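> So for the sequence shown, my numbering puts the first residue at 209; every next one is plus one. Glycine included, every Cβ here is placed at the ideal spot set by N, Cα and C. All values derive from a computational prediction rather than experimental measurement. I'd like to ask some things about the structure below.
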Amino acid sequence: MRVFSGIQPTGRKHLGNYIGAIRQYVESQERAQAAGGDSIFCIVDLHATTVPYDPAELRERVYDTAAILLAAGLDPERCILFRQGDVVEHTELMWLLTAVTAHGDLNRMTQFKDKSAQQRELVSAGLFLYPVLMAADVLAYKATEVPVGEDQRQHLELMRDVAQRFNARFAGDREVLVVPEARIPEVGARIMDLQEPTRKMSTTSGTDEGRVYVLDEAKVVEKKLKRAVTDSEDPPRIVHDRGAKPGVSNLLELLAVARGTSIDEVVASLADARGYGDLKKATADAVVELLTPVRERYGAIRADEDALEDVLAAGAAKARAIAAQTLAEVRALMGVGPNVRARA
Ligand code: AMP
Ligand code: TRP
């Protein structure tokens, strides 16, 4: 098995990113190692250029994101951690894959529709091609599984289509590009905004009050959870029902994930609760316990930018060795560039 995932170096990473993605990365790293496979994690700076951004800030956010991933438990001795822009093979492969990507499919991507509607000045072509670059990220490594949150499901489907269409068109249906599986957690794949529990917790929409950041101090986490929107059912009922009770359901999911138990178990543990206050308090305690070790490790890791660059450079060298091979195969099959085989 080979695991691959990518994360954008934008904004401050929040509890949705942590639970939907980062926590799974660490688990995948362990699982891949135990199975004799490998795991590869990429900070996707090139994807971050598809919406307006500040170049100097982008570099800083790459360090922030790398430090969070390391603080959360990614270990460069056991996984490959690198920055997308350091491995130029991704961008060339992306272009080649546009040949087997349907324009109509890209037009249907909900993330493209949402993000392009948010742009005031320019809807960049990069935003449109974003999913093709994402496909190149994964397919370059012939990864078998991709841990992501629910919002990436559609991009994963597209990537599978791209791989299949490439194999059919250029490889006589051999699986030259491996068709990857999405790995989406059963609970916690879509953490909702604490103030608007019918919307996902997101870097680009909602307010600070609705988002818990991975690096929030315990007091801040407690305050945000205390003010989380629930509902006015009287008497209050602590049950998991996303449709009818989105706020309560979101808290139950957070609590279950943070405690590492099931939703049924957390509901049972709250059988004697006197209302939503107890649910919020329990969730705050569990989330603080989940995030505190990450925050405590973060400071020292983030402070040493030279060390972070060294980790990313070493990761990029390992990543490039794999991606270059796939790219050479793809170029040869597509008839692009010199005929390497004929000369050999
Ligand atoms: P991004 O910061 O957009 O690169 O997202 C990084 C990862 O976090 C992706 O795998 C997303 O699917 C995941 N993610 C983002 N928001 C949420 C959320 N509200 N709940 C669960 N997972 C999320
Ligand atoms: N699009 C993903 C997101 O917004 C980030 C990403 C880029 C990614 N390349 C990837 C995720 C490859 C998984 C695999 O979260």
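Specify whether the stretch 284 to 298 and the stretch 520 to 527 touch according to this definition: at least 3 beta carbon pairs, one from each stretch, less than 8 angstroms apart.
yes
> Comparing alpha-carbon positions, which option in Gln326, Leu423, Ala390 lies nearest Val495?
Looking at the Cα atoms, Leu423 is the closest of the given residues.
> Does the distance between the C-beta of Val356 and the nearest non-hydrogen atom of the ligand AMP fall short of 7 angstroms?
yes
> Identify the continuous beta strand (DSSP E) that holds Ser247 and give its terminal residues.
Looking at the DSSP string, the run of the beta strand (DSSP E) that includes Ser247 is 246 to 251.
> If you measure from the CB of Asn458, is any heavy atom of the ligand AMP nearer than 7 angstroms?
For the ligand AMP, not one heavy atom lies less than 7 angstroms from the Cβ of Asn458.
> Which two residues bound the contiguous beta strand (DSSP E) that contains Leu289?
288 to 291
> Quick check on DSSP: helix, strand or coil for Val422?
coil
> Where do the ends of the alpha helix (DSSP H) carrying Pro339 lie?
333 to 347
> For Arg382, does the three-state DSSP call read helix, strand or coil?
coil
> Could you pull the start and end residues of the beta strand (DSSP E) that Gly507 belongs to?
Here Gly507 belongs to no beta strand (DSSP E); instead the alpha helix (DSSP H) covers 484 to 511.
> Does the ligand AMP have even one heavy atom less than 7 angstroms from the beta-carbon of Lys408?
yes
> If you draw a straight line from the C-alpha of Val295 to the C-alpha of Ala436, how long is it?
Annotation: Val295 to Ala436 spans about 42 angstroms, alpha carbon to alpha carbon.
> Which same chain residues, not among the five before or five after Met209, have their C-beta less than 7 angstroms away from its C-beta?
Leaving aside the five residues that flank Met209 on each side, the residues in its chain whose CB is nearer than 7 angstroms to its CB run, in chain order, Ala240, Ala243, Gly245, Thr352, Glu353.
> Taking the alpha-carbon positions, what's the Glu265 to Tyr271 distance?
10 angstroms
> Does the stretch 482 to 502 come into contact with the stretch 459 to 467, if we say contact requires no fewer than three beta-carbon pairs (one atom in each stretch) closer than 8 angstroms?
yes
> Just to confirm, does Gln216 get its C-beta within under 7 angstroms of one of the non-hydrogen atoms of the ligand TRP?
yes
> What are the residues that DSSP puts in a beta bridge with Ala390?
Val354
> What whole-angstrom Cβ distance do Val465 and Ala280 have, given they're in contact under 8 angstroms?
That belief does not hold up - the Cβ atoms of Val465 and Ala280 are roughly 14 angstroms apart, past 8 angstroms.
> Would DSSP call Thr446 helix, strand or coil?
What sits at residue 446 in the sequence shown is Ile, not Thr. Coil at Ile446, not helix or strand.
> Kindly examine the ligand TRP and report whether one of its heavy atoms sits closer than 7 angstroms to the Cβ of His222.
no
> Considering only heavy atoms of the ligand TRP, does any lie closer than 7 angstroms to the CB of Val252?
yes
> Using a threshold of 7 angstroms, is the CB atom of Asp359 nearer than that to any non-hydrogen atom of the ligand AMP?
yes
> With a CB to CB cut of under 6 angstroms and the five nearest residues on each side skipped, what residues in its chain are close to Thr491?
Leu433, Leu459, Leu462, Leu463
> Pop quiz: Met367 and Gly224 are said to be a contact at Cβ under 8 angstroms. What is the actual Cβ separation, rounded to whole angstroms?
Contact flag wrong, Cβ pair sits at about 21 angstroms.
> Could you tell me whether the stretch 337 to 348 touches the stretch 314 to 328, where touching means 3 or more Cβ pairs closer than 8 angstroms?
yes
> Thinking Phe249 and Tyr226 are a contact (beta carbons under 8 angstroms), I'd like their distance in whole angstroms, please.
In fact, because the Cβ distance is near 14 angstroms, the residues do not count as touching under 8 angstroms.
> In angstroms, rounded to a whole number, what distance separates the CA positions of Glu389 and Thr218?
25 angstroms
> Do three or more CB pairs link the stretch 400 to 415 to the stretch 372 to 381 at distances below 8 angstroms?
no
> Give me the Cα-Cα distance between Glu497 and Arg450, rounded to the nearest whole angstrom.
25 angstroms
> So, at 7 angstroms on beta carbons, what are the nonlocal neighbours of Ala229 in its own chain, with the 5 sequence-adjacent residues on each side left out?
A distance below 7 angstroms between beta-carbons, with the five flanking residues on each side excluded, links Ala229 to the following residues of its chain, in chain order: Ser213, Ile215, Pro355, Val356, Gly357.
> If you run the structure through DSSP and keep just helix, strand and coil, what is Arg398?
coil
> Among all the DSSP beta bridges, which residues are the ones paired with Gly543?
None; Gly543 has no bridge partner.
> At a threshold of 7 angstroms, does Ile288 count as lining the ligand AMP (C-beta to nearest heavy atom)?
The ligand AMP has no heavy atom closer than 7 angstroms to the beta-carbon of Ile288.
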